[in-house]
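Colleague: My questions all concern the structure below.
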Amino acid sequence: MSRKAALMTASQIILKPNSVLGLATGDTPRGMYQELINMYKNNEIDFSDIVTFNLDEYYGLPPDNPRSYHYYMENTFFNKINIKDENSHIPDGNAKEIKKHCREYEFKIKNHGGIDLQILGIVSNGHIGFNEPADRLNVKTDIVELSEETIEANSRFFNSKNNIPKRTISVGMATILKAKRILLLASGSKKAEAIRDTVSGYIDPKVPSSFLQLHNSVILIIDKKAAKLL
Ligand code: GLP
């Protein structure tokens, strides 16, 4: 899965060296990042002109906190390839004027011509980025309250449920759906219901990933366990 995802991402970069990539965190894309690092080390791919925008960040975590997505991205990927510092963007969980920061983040994505390829993971409740199941979903980058299910799923990175920030910054649904191509990665039976509801259910804000059915270029890279309810 990781190799396939990396090859698709690499092909995007080879075809358009100044591609704008939307990047995800979590355990799922780690293997893909490692494959891309290997390709870089073998001189097969060059990141010097790519621009990246991450999906999300925990609200209130400084970038040097090992649980922040800044820390994850620096240590999992950015420090190991030749991306320019000024070309990687992650929402700032510590921004003073948070609403203004969200608006500026959105504006920067637009100014770079939008996302060419968006990498997505998914949580069992169908959230993408940190767009949680709700009656109404955010259109643009904004502050999001985490659901109990996500707190449960992600508290493994924080030792206990009490330590995980309950709010995050996430790009909105329209921001994701405006990407030219989307790659959704999922593995394991915990993701099976979410994958079924993503591709074969109704379009429902209670399953944010179901909105991907409105997009005309989504590729799912999933294993048999995640696909077992299809
Ligand atoms: C977090 C991120 C999501 C990501 C998810 C999946 O919640 N905000 O963007 O998809 O983790 O995590 P994992 O791949 O570890 O299952």
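Per the working numbering, the very first residue in the sequence shown carries number 26; after that it's consecutive. Note that beta-carbon positions come from the ideal geometry of N, C-alpha and C, so glycine has one too.
Which residue or residues does DSSP assign as beta-bridge partners of Ala211?
Modeller: Stepping through the sequence shown from its first residue, residue 211 is reached at position 186. Its beta-bridge partners are Ile247.
Colleague: For the candidate residues Glu111, Val148 and Phe102, whose alpha-carbon lies nearest to that of Ala251?
Modeller: For the purposes of this step, residue 251 is taken as the residue at position 226 of the sequence shown. Among Glu111, Val148 and Phe102, the Cα nearest to that of Ala251 is on Val148.
Colleague: Any heavy atom of ligand 1 closer than 6 angstroms to the beta-carbon of Phe155?
Modeller: The sequence position of residue 155 within the sequence shown is 130, counting from 1. Checking every heavy atom of ligand 1 against the Cβ of Phe155, one is found closer than 6 angstroms.
Colleague: Val164: buried (16+ other C-beta within 10 angstroms of its C-beta) or exposed?
Modeller: One-based indexing of the sequence shown puts residue 164 at position 139. Its Cβ having fewer than 16 others within 10 Å, Val164 is exposed.
Colleague: Using C-beta distances below 6 angstroms, list every residue in its chain close to Ile95, excluding the 5 sequence neighbours before and after it, in chain order.
Modeller: Taking the first residue of the sequence shown as 1, we reach residue 95 at position 70. With the sequence shown as reference, residue 95 is identified as His, and Ile is not the correct amino acid for it. So the qualifying residues of the chain are Pro88 and Ile115.
Colleague: Using the rule of at least 16 other Cβ atoms within 10 Å of the residue's Cβ for burial, across every protein chain shown, is Ile189 buried or exposed?
Modeller: Taking the first residue of the sequence shown as 1, we reach residue 189 at position 164. Ile189 should be labelled buried.
Colleague: I'd like to know whether the C-beta atoms of Ala49 and Gly146 end up nearer to each other than 7 angstroms.
Modeller: In the sequence shown, residue 49 corresponds to position 24, counting from 1. In the sequence shown, residue 146 corresponds to position 121, counting from 1. Yes, the pair counts as a contact, with Cβ atoms nearer than the cut-off.
Colleague: With DSSP collapsed to three states, give me the class of His126.
Modeller: Taking the sequence shown and counting its residues from 1, one reaches residue 126 at position 101. Note: His126 maps to helix in three-state DSSP.
Colleague: Please report the straight-line C-alpha distance between Val169 and Met64, rounded to a whole angstrom.
Modeller: Locating residue 169 in the sequence shown gives position 144, counting from the first residue. Locating residue 64 in the sequence shown gives position 39, counting from the first residue. A straight line joining the alpha-carbon of Val169 with that of Met64 spans about 35 angstroms.
Colleague: Would the C-beta of Ala49 count as close to ligand 1, meaning under 6 angstroms from any of its heavy atoms?
Modeller: Indexing the sequence shown from 1 puts residue 49 at position 24. Yes, ligand 1 has a heavy atom inside 6 angstroms of this Cβ.
Colleague: Relative to ligand 1, is the shortest distance from any of its heavy atoms to the C-beta of Leu32 smaller than 6 angstroms?
Modeller: Within the sequence shown, residue 32 is the residue found at index 7, counting from 1. Checking every heavy atom of ligand 1 against the Cβ of Leu32, none is found closer than 6 angstroms.
Colleague: Go ahead and pull the three-state DSSP assignment for Val148.
Modeller: Indexing the sequence shown from 1 puts residue 148 at position 123. Reduced to three states, the DSSP call for Val148 is coil.
Colleague: Using alpha carbons as the reference points, say which of Tyr83, Met33 and Lys105 lies closest to Asn67.
Modeller: Mapped onto the sequence shown, residue 67 falls at position 42. Per the Cα distances, Lys105.
Colleague: Can you check the region 162-234 for any beta strand (DSSP E) of at least 3 residues that lies completely inside it and give the ranges in chain order?
Modeller: 167-170, 192-195 and 206-211
Colleague: Using DSSP bridges, identify the partner residues of Asn112.
Modeller: For the purposes of this step, residue 112 is taken as the residue at position 87 of the sequence shown. Beta-bridge pairing links Asn112 to no other residue.
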